[in-house]
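Please read the structure below before turning to the comments.
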Amino acid sequence: MSRYNFRESEAKWQQRWSERGCFDAKHDPARPKYYVLEMFPYPSGKLHVGHVRNYTMGDLVARYRRAQGYNVLHPMGWDAFGLPAENAAIAGGIHPAVWTRENIATMRAQLQRMGFAYDWSREIATCHPQYYRHEQKMFLDFLAKDLAYRRESWVNWDPVENTVLANEQVIEGCGWRSGALVEKRLLSQWNLRITRYSDELLDALKGLDRWPERVRLMQENWIGRSEGARVKWVLAGRDATIEVFTTRPDTLYGAAFIALSPHHPLSEGLAKGDSALAEFIAECDRMGTSEEAIETADKRGYRTGIEAIHPLDKTRRVPVYVANFVLMEYGTGAIFGCPAHDQRDLDFARKYKLPVVPVVLPPKEDPATFSISDTAYVEDGTLFNSSFLNGLSVPDAKRTVGERLEASGAGARTIAYRLRDWGVSRQRYWGCPIPVIHCPDCGIVPVPEDDLPVELPMDVDFDQPGNPLDRHRTWKHVACPYCNSPSQRETDTFDTFFESSWYFLRFCSARAPVAFERDAAQYWMPVDQYIGGVEHAVLHLLYSRFFMRALKECGYLDLDEPFAGLFTQGMVCHQTYQNTEGEWLFPEEVAIDPAGRITDGSGRPVIAGRNEKMSKSKKNVVGLDAIVDTYGADTARLYLLSDSPPERDLEWTEKGIEGIWRYVSRLWRLVSEPPAALPPPGTAIPGGLSVELTAIRRSTHKTIAAVTDDIDKFRFNRAVARIRELTNALEGVSGDAPAVGAVLREGIEAATLMLGPMMPHLAEEMWRDLGHTTLVTETPWPQADAELARDEQVTIAVQVNGKLRATLDLPRDTAANEVEEAALALPQISRLLDGKPPRKVVIVPNRIVSVVA
RNA sequence: GCGGACGUGGCGAAACGGUAGACGCAGCAGACUUAAAAUCUGCUCCUCGAAUGAGGGUGAGGGUUCGAGUCCCUCCGUCCGCACCA
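Numbering (the working numbering), first residue to last: 20 to 872.
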């Protein structure tokens with residue numbers, strides 16, 4: 020029995036595809052295009068099987084769409100700037116550029132071994148000056164349109180590493196590497212004005228009907244639109260006002276206090292003459308911003324002694340507090356508290372013994388007796404204790420009070436967003452330099468376009484903590500391009516999400532002297548199918564949507580949304596193992612001894628832990644190279660597609676991959692030793708087939724229709740199951756008549772073509788063995804013949820009182836009265852009816868007869 | 001606290017409101033082997049039964065329907081996102 024030699028075969032077909040340029044995308048407006056993209060990887064080292072699941076899905080889509088006649092763009096590149104490269108430099112003395120280049124070479128070779136249908140002529144690496152020069156230009160354009168600006172903001176500062184940390188890099192208030200307690204620091208940082216598009220980004224989510232509902236919801240919550248009002252409160256005895264933001268202007272008559280953020284200008288002003296307040300503010304700053312710090316901290320306030328005059332009733336006054344729970348970054352940095360109808364305000368009021376006056380009466384409550392105890396009432400009701408608002412519902416009261424505030428100039432209805440502008444400055448070396456110069460005379464000036472790119476210097480050292488650009492002897496010292504005074508370059512670099520916010524545009528014309536050619540982008544964009552992890556739901560996926568709008572405003576192109584279709588795939592998981600000391604073990608270090616115990620190979624016991632996402636730190640990774648060496652790329656690909664629905668997590672098991680390998684061998688045997696002799700390609704199938712052969716043909720055409728539908732709907736696991744059903748049936752075909760071979764050939768060819776996007780190498784090998792000289796890669800997707808797929812005989816279920824009692828084989832589309840007659844005549848049915856006529860009979864054509872006794 | 005998703009055999013999972021468990025993994029039995037591996041064939045939701053068969057079964061409870069894994073309500077559990085957002 021011959022065995023499929025995947026080693027030879029996979030290398031051979033990869034070479035054929037590459038020589039023929041099968042996957043090079045050509046700009047051709049006459050043809051319908053299809054842009055498939057998987058989120059490009061960070062070149063972290065080596066790929067493990069967990070990494071390649073989404074590339075396998077993307078490749079399936081790309082090859083499938085190509086077979087359907089689309090002009091497919093399917094590129095690959097490298098998100099090549101980032102912290103791990105610098106860490107490698109610090110730890111191993113290797114330059115980040117070298118480390119990154121080597122990793123890219125390794126990972127590119129791994130992807131090529133998998134046989135992915137990428138257009139490698141469009142490969143990009145974001146750390147290349149020919150890439151990042153364009154985003155420096157974009158930044159200058161953003162500056163000109165006021166989409167980029169510099170502002171002081173509070174950041175996470177690691178005092179040991181002397182650098183800013185992202186929120187994700189702060190673990191329980193400490194730096195993830197140094198372990199040092201992270202401080203809040205006020206630093207001058209570049210920001211991108213994403214908030215200019217808050218409303219647009221929110222509204223356009225509705226149109227993204229091929230995005231997962233979950234991701235749209237996450238973005239919606241992240242943008243966090245709240246309708247409310249700004250209300251001005253005049254301070255008694257002072258020539259000043261406080262503006263608060265509220266979503267409940269209807270409860271204004273229930274106001275019991277004003278609370279200011281510790282960073283509110285008024286708080287800071289007052290603190291200058293009030294050392295106790297200054298101390299209170301300092302204490303608030305010391306409080307961490309971690310989840311548990313917020314969870315456990317009490318709501319504390321400092322009473323300033325100032326009173327504010329009620330905007331709707333000049334005779335009423337409320338005390339002004341500075342409170343630790345009020346955020347300067349949201350709304351106006353000041354609130355009014357209505358204890359009766361907000362739980363947090365109620366807790367604060369009880370603590371500081373402030374009055375609790377209900378102003379919304381719940382239905383069926385008596386206004387004379389209704390009072391608030393320890394739970395605020397937040398539902399709808401009828402306004403009372405509220406002057407001109409009395410008797411109104413909450414929505415009506417909101418509108419009425421809004422109109423009144425606007426008429427008197429004391430406030431206005433407005434909308435607040437949770438979304439903040441995007442801080443893009445990083446005190447890092449391995450990133451794109453921010454193209455500005457600090458001149459003592461001209462201030463901060465942009466680098467002239469002709470001087471771009473501002474390239475990273477290569478001669479840097481990582482001996483000391485902090486940003487090497489800052490310490491570089493010459494790089495940062497330049498003359499001001501406008502007045503020639505000695506000046507300094509900005510030494511911060513961009514957040515690496517800057518690069519990934521537009522790389523999909525670069526792929527449209529990857530070697531263009533501009534960021535991207537407008538024509539190419541207008542043809543290829545938007546990405547028709549984007550595939551990646553859900554962890555980017557509000558980061559990369561939101562930034563990219565913002566970039567499209569910002570680039571449109573700067574005249575780069577005329578499109579809003581980058582990704583028309585989005586699919587978020589599940590993770591690949593594997594069992595974890597720990598020894599008794601709690602150290603993690605790689606799967607290959609673990610063995611099962613004859614007694615069935617799990618050991619570490621030298622006999623010491625090992626504890627099998629949870630099934631978790633493959634990660635280096637828990638060592639539950641399966642190397643890609645080892646799998647491809649043992650089973651081949653196609654086997655790995657089919658396993659990743661077949662075992663779980665694509666959106667769900669997949670458990671990688673040795674048994675599972677072995678099962679796929681057995682299937683690969685069976686497929687190989689199906690063509691190399693078919694159960695009946697096959698006629699040459701193109702042999703017509705004779706008429707007058709036997710019942711058995713008709714059934715085989717029907718399976719073939721049904722399978723084509725079902726698999727096509729399944730792939731369209733991203734149900735890859737089901738598509739694989741259908742193909743297996745078909746090949747199982749084909750294995751059972753036998754006979755000597757010429758029609759047998761012809762029908763068998765039709766089935767095997769269809770299966771081969773359908774397997775093409777999943778197991779491209781094996782499919783090519785099978786196709787050639789079937790006698791074809793063409794490539795599967797260049798062969799159209801098979802077409803189902805609806806006529807041939809239709810059943811002539813159907814099995815109809817017969818229920819009595821909802822319970823299945825019998826089945827009935829009848830010709831398709833048998834008349835209802837005949838079906839009913841046949842069903843009632845069945846002995847099992849007539850026995851149950853006991854001679855009485857049924858009360859009711861429901862007939863669903865070709866499916867079911869439901870008898871009510 | 002707010003928002004969302006999910007709950008089906010030993011396991012991964014299928015199932016336009018219409019025969020629950022397709023397809024596969026694991027397991028059991030058999031064939032081929034001196035033997036093992038590989039391969040092939042059959043069985044495999046639970047209970048009763050030698051068997052035709054009968055009864056039960058999709059986290060729990062209720063409802064709608066001729067008919068509910070699927071739709072509606074209540075509850076339990078798991079997972080995810082956001083979280084002092086006024």
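C-beta: ideal position from N, C-alpha, C; glycine also.
Alpha carbon of residue i to alpha carbon of residue j, nearest angstrom
i      : j      : result
GLN155 : ALA163 : 13 Å
ASP269 : VAL174 : 36 Å
LEU843 : GLU806 : 31 Å
MET20  : ARG850 : Its pLDDT being 49, under 50, MET20 is placed unreliably in this model, and the coordinates cannot settle the point.
ARG564 : TYR54  : 17 Å
PRO693 : ARG667 : 36 Å
GLY421 : GLU202 : 41 Å
ARG447 : PHE582 : 30 Å
LEU373 : VAL397 : 19 Å
VAL234 : LEU221 : 12 Å
LYS318 : PHE367 : 7 Å
GLY584 : GLY77  : 12 Å
TYR321 : GLU298 : 10 Å
THR654 : PRO864 : 42 Å
VAL533 : LEU578 : 18 Å
GLU310 : GLN802 : Reliability fails at GLU310, whose pLDDT of 42 lies under 50, so the model's placement of it is uncertain and no value is given.
ASP810 : ARG831 : 7 Å
VAL817 : ASP853 : 16 Å
LEU254 : GLY247 : 22 Å
LEU560 : TYR542 : 21 Å
ARG629 : LEU558 : 29 Å
MET237 : ALA556 : 7 Å
ASP644 : MET773 : 26 Å
VAL376 : GLY288 : 31 Å
ASP258 : PRO330 : 15 Å
Check whether residue i and residue j have beta carbons under 8 Å apart
i      : j      : result
ARG741 : VAL726 : yes
GLU750 : LEU823 : no
PRO779 : ARG127 : no
ARG437 : GLY678 : no
VAL479 : HIS491 : yes
PHE389 : LEU380 : yes
CYS592 : LYS632 : yes
PRO698 : PRO606 : no
SER506 : PRO452 : no
N-terminal and C-terminal residue of the alpha helix (DSSP H) that residue i is part of
i      : result
HIS559 : 559 to 572
ILE730 : 710 to 731
TYR151 : 148 to 163
PRO367 : Pro is not the amino acid found at residue 367; the sequence shown has Phe there. 362 to 370 is the span of the alpha helix (DSSP H), which, as asked, contains PHE367.
CYS303 : 294 to 305
LEU220 : 217 to 222
ILE646 : 643 to 650
Beta strand (DSSP E) segment containing residue i, residue limits
i      : result
ILE626 : 625 to 632
TRP176 : 167 to 177
GLN812 : 812 to 819
GLY775 : Per DSSP, GLY775 belongs to no beta strand (DSSP E) and is neither H nor E.
TYR682 : Run containing TYR682: none in the beta strand (DSSP E); it sits in the alpha helix (DSSP H), 673 to 691.
ARG244 : 244 to 254
GLU262 : 260 to 265
PHE586 : 585 to 587
ARG322 : 320 to 329
ARG22  : Premise fails: ARG22 is in no beta strand (DSSP E) and is neither H nor E.
Cβ-Cβ separation, residue j to residue i (assumed contact under 8 Å), whole Å
i      : j      : result
ARG215 : LEU166 : 7 Å
ARG336 : ALA327 : 7 Å
GLY790 : ALA782 : No, GLY790 and ALA782 are not in contact; Cβ-Cβ is about 15 Å, not under 8 Å.
GLN588 : ARG72  : 6 Å
Contiguous beta strand (DSSP E) assignments of at least 3 residues, all confined to the segment 461 to 541: 462 to 465, 496 to 498 and 505 to 508
Segments assigned alpha helix (DSSP H), at least 4 residues, entirely inside the segment 45 to 104: 72 to 86
Length-filtered (4 minimum) alpha helix (DSSP H) runs lying within the segment 389 to 443: 413 to 427
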